[in-house]
Amino acid sequence: MLYAAVDLGGSSGRVTVGELVDSKISLTEVHRFKHEPVQTDAGLFWDWSFIVEQVKTGLAAACQLGKVNSVGVDSWAVDYGVIDQTGEVIGQPFCYRDSRTDGLMDKLKADLGIDYIYSRTGVQFIFFNTMYQLFAEKNSAIYNQADKFLMVPDLMNYLLCGSISTEITNASTTQLLNVHTRDWDWQLIDKLGIKRQIFPAINKPKQQMGVITGHGKLDGIKVISVGSHDTASAVAGTPLPTSLDSAYISSGTWSLVGLELDKPVTDKTAMDFNITNEMGVEDRIRFIKNVAGMWLLEESLDYWAAKGEKYTAAQLAAEAALLPRGAVIDANDRRFEKPGAMPERIAALCQESNQAVPTTPAEYARCIFDSLADAYVKVIAQLEQAAGRKINSINIVGGGSANKLLNQLTANATGKTVYAGPVEATVLGNIITQMQAEGVIKSLEQGREIIKDSFSQEVFKPV
189 MLYAAVDLGG
199 SSGRVTVGEL
209 VDSKISLTEV
219 HRFKHEPVQT
229 DAGLFWDWSF
239 IVEQVKTGLA
249 AACQLGKVNS
259 VGVDSWAVDY
269 GVIDQTGEVI
279 GQPFCYRDSR
289 TDGLMDKLKA
299 DLGIDYIYSR
309 TGVQFIFFNT
319 MYQLFAEKNS
329 AIYNQADKFL
339 MVPDLMNYLL
349 CGSISTEITN
359 ASTTQLLNVH
369 TRDWDWQLID
379 KLGIKRQIFP
389 AINKPKQQMG
399 VITGHGKLDG
409 IKVISVGSHD
419 TASAVAGTPL
429 PTSLDSAYIS
439 SGTWSLVGLE
449 LDKPVTDKTA
459 MDFNITNEMG
469 VEDRIRFIKN
479 VAGMWLLEES
489 LDYWAAKGEK
499 YTAAQLAAEA
509 ALLPRGAVID
519 ANDRRFEKPG
529 AMPERIAALC
539 QESNQAVPTT
549 PAEYARCIFD
559 SLADAYVKVI
569 AQLEQAAGRK
579 INSINIVGGG
589 SANKLLNQLT
599 ANATGKTVYA
609 GPVEATVLGN
619 IITQMQAEGV
629 IKSLEQGREI
639 IKDSFSQEVF
649 KPV
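So the sequence shown is numbered by the working numbering: it starts at 189 and just counts up by one.
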């Protein structure tokens, strides 16, 4: 039985087919594409029509391998599209880094109170959360035409099978879901003056949303709700031990550093540390804090490429491994939030802190990796304190888990054993959720055991 996973990231997307053979999962990536937001006079938007066409191309390629039983869609968080009363998608979804939310987080924190918002939603304050995006849109033409807003993966599901619903793991990233009731926080929504009728019903992973309709040879494939926030699927696909003494880092454009909990923690300690409580698969809590991640290196590579200097992340990581530790900066400095000349911003921070400024791309890469490892140390200490849990090991998954230098620096800096892999944790979490929906896998723990048996992990001990 074949299962298709659509995994949409902030710079690329892919369609992968998974199959359970002899109690092991095999993966075949059938389509991958790059994409990026488009800056217009009206703002920074995703090229949604291009993304949709690429997903359909990928699903058609999946069907070439045989009969596809179902598909699950996951993506980055917080962004959404809008449909009107006729069911038409209006415009293109804004990119979360668009400037229309500038200043709104501080305004709403002052107007409503940090305690009020956090105690209800349990979500960290980040300037691009959906709450600020919708608040910014209240007087726009698109908002006035809106019948429903749908998070990016839900919008894709809608176009595939007509389902109008929001999956809970991504809904929890909006800062508009009450983490205690697991429903939209209507009191908060009313205080913000956002109209209630645009909020869709909430679904949970493992539900069948419908079947693909109106897309030719794709028709009849089941659409299954998975952990639609890609980090939720990544955590589901992480072979965490049942001993509860392990943290995880979903390492990609962002590094999501977290613990898996049974219930949210929304007290003052968690709020002061700005830790988020997001929903996970099977009602788990993803107790997470964001670190800038590979974004710093990705933007730096673009910066150098524009100057005619082309490097790869793997190339710079190999060169950086030969260098000693140098300057270390705050990876979460607000100057890194928007796209742009990252090396220049890093240099400015080094100068401000009286550190030697890197002079080569490899030195900049080494600075980024050391800075990320140091950021992980601080975040894990905060997670331990807020959750009252001692962490002895770290599971790093996602594309960044292939970076052996960063894995070793993380082990060294934290003093904890690092287990790296699988790289494809997001796709695996997506697929085992579909398998659970079919009854092929009985529990999340069983799925994780199958993943552990199917894919090797590399171990990094602190030195």
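We put the CB at the ideal spot given by N, CA and C, even for glycine.
Distance between residue j and residue i (C-alpha atoms, nearest Å)
i, j, result
"S263", "V340", "7 Å"
"Y191", "S439", "24 Å"
"E637", "I556", "34 Å"
"G481", "P512", "21 Å"
"M293", "D460", "16 Å"
"L537", "T547", "14 Å"
"G198", "E224", "7 Å"
"A506", "K456", "42 Å"
"A458", "Q312", "9 Å"
"L338", "V585", "28 Å"
"S211", "S644", "15 Å"
"E572", "T245", "44 Å"
"I412", "A625", "8 Å"
"N520", "T369", "31 Å"
"K649", "G588", "18 Å"
"G231", "I534", "26 Å"
"V367", "N542", "43 Å"
"D290", "R472", "32 Å"
"E532", "G402", "49 Å"
"V651", "T598", "10 Å"
"G617", "Q539", "43 Å"
"F315", "W374", "21 Å"
"G201", "V261", "11 Å"
"E633", "N595", "25 Å"
"W372", "V606", "37 Å"
"I278", "F233", "13 Å"
"M530", "N478", "18 Å"
"I377", "I400", "33 Å"
"K498", "W236", "28 Å"
"A509", "G446", "26 Å"
"Y320", "Q227", "20 Å"
"D490", "G627", "45 Å"
"Q622", "V545", "49 Å"
Proximity of residue i and residue j at Cβ, strictly below 7 Å
i, j, result
"V469", "A424", "yes"
"E525", "L215", "no"
"L484", "A501", "no"
"A250", "V209", "no"
"L444", "T464", "no"
"I629", "I620", "yes"
"N391", "Q363", "no"
"I517", "S559", "yes"
"M467", "S360", "yes"
"A575", "F475", "yes"
"R554", "G514", "yes"
"P427", "K592", "no"
"E646", "A590", "no"
"V259", "I409", "yes"
"E355", "S421", "no"
Paired residues, beta bridge with residue i - DSSP
i, result
"W492", "DSSP, once it has assigned bridges, lists no residue as partnering W492."
"L449", "I473"
"M467", "I473"
"V354", "Checking the sequence, you will find Thr at residue 354 rather than Val. For T354, which the question treats as bridged, DSSP gives the partners I390."
"R220", "R202"
"I582", "A435, V606"
"N366", "D371"
"N478", "L444"
Neighbour-count burial assignment, residue i, 16 or more Cβ in a 10 Å radius
i, result
"D522", "Checking the displayed sequence, the identity of residue 522 turns out to be Arg instead of Asp. Classification for R522: exposed."
"D342", "buried"
"T700", "In the structure as shown, the chain begins at 189 and stops at 651. Residue 700 is therefore absent and cannot be evaluated."
"N332", "exposed"
"Q252", "exposed"
"P429", "exposed"
"S353", "buried"
"V266", "buried"
"T614", "buried"
"S631", "exposed"
"Q242", "buried"
"V270", "buried"
Any chain C beta carbon closer than 7 Å to residue i
i, result
"V218", "Judged by its chain identifiers, the structure shown contains no chain C, having just a single protein chain."
- Evaluate contact between the region 600-609 and the region 564-584, counting only Cβ atoms and requiring at least three cross-stretch pairs below 8 Å. Flag = yes, the region 600-609 and the region 564-584 touch.
- Message: Could you check whether the region 308-325 touches the region 214-228, counting it as contact only if at least three pairs of C-beta atoms, one from each stretch, sit closer than 8 Å?
- Response: Segments in contact, no.
- Are there three or more Cβ pairs, one per stretch, closer than 8 Å when the region 367-387 is compared with the region 426-440? No: the two stretches stay apart, fewer than three of their Cβ pairs being nearer than 8 Å.
- Message: Quick check: the region 388-403 against the region 300-308, are at least 3 beta-carbon pairs closer than 8 Å?
- Response: The region 300-308 vs the region 388-403: no contact.
- Item | At least 3 beta-carbon pairs within less than 8 Å: the region 344-351 vs the region 280-290 | Put simply, the region 344-351 does not touch the region 280-290. Fewer than three CB pairs are less than 8 Å apart.
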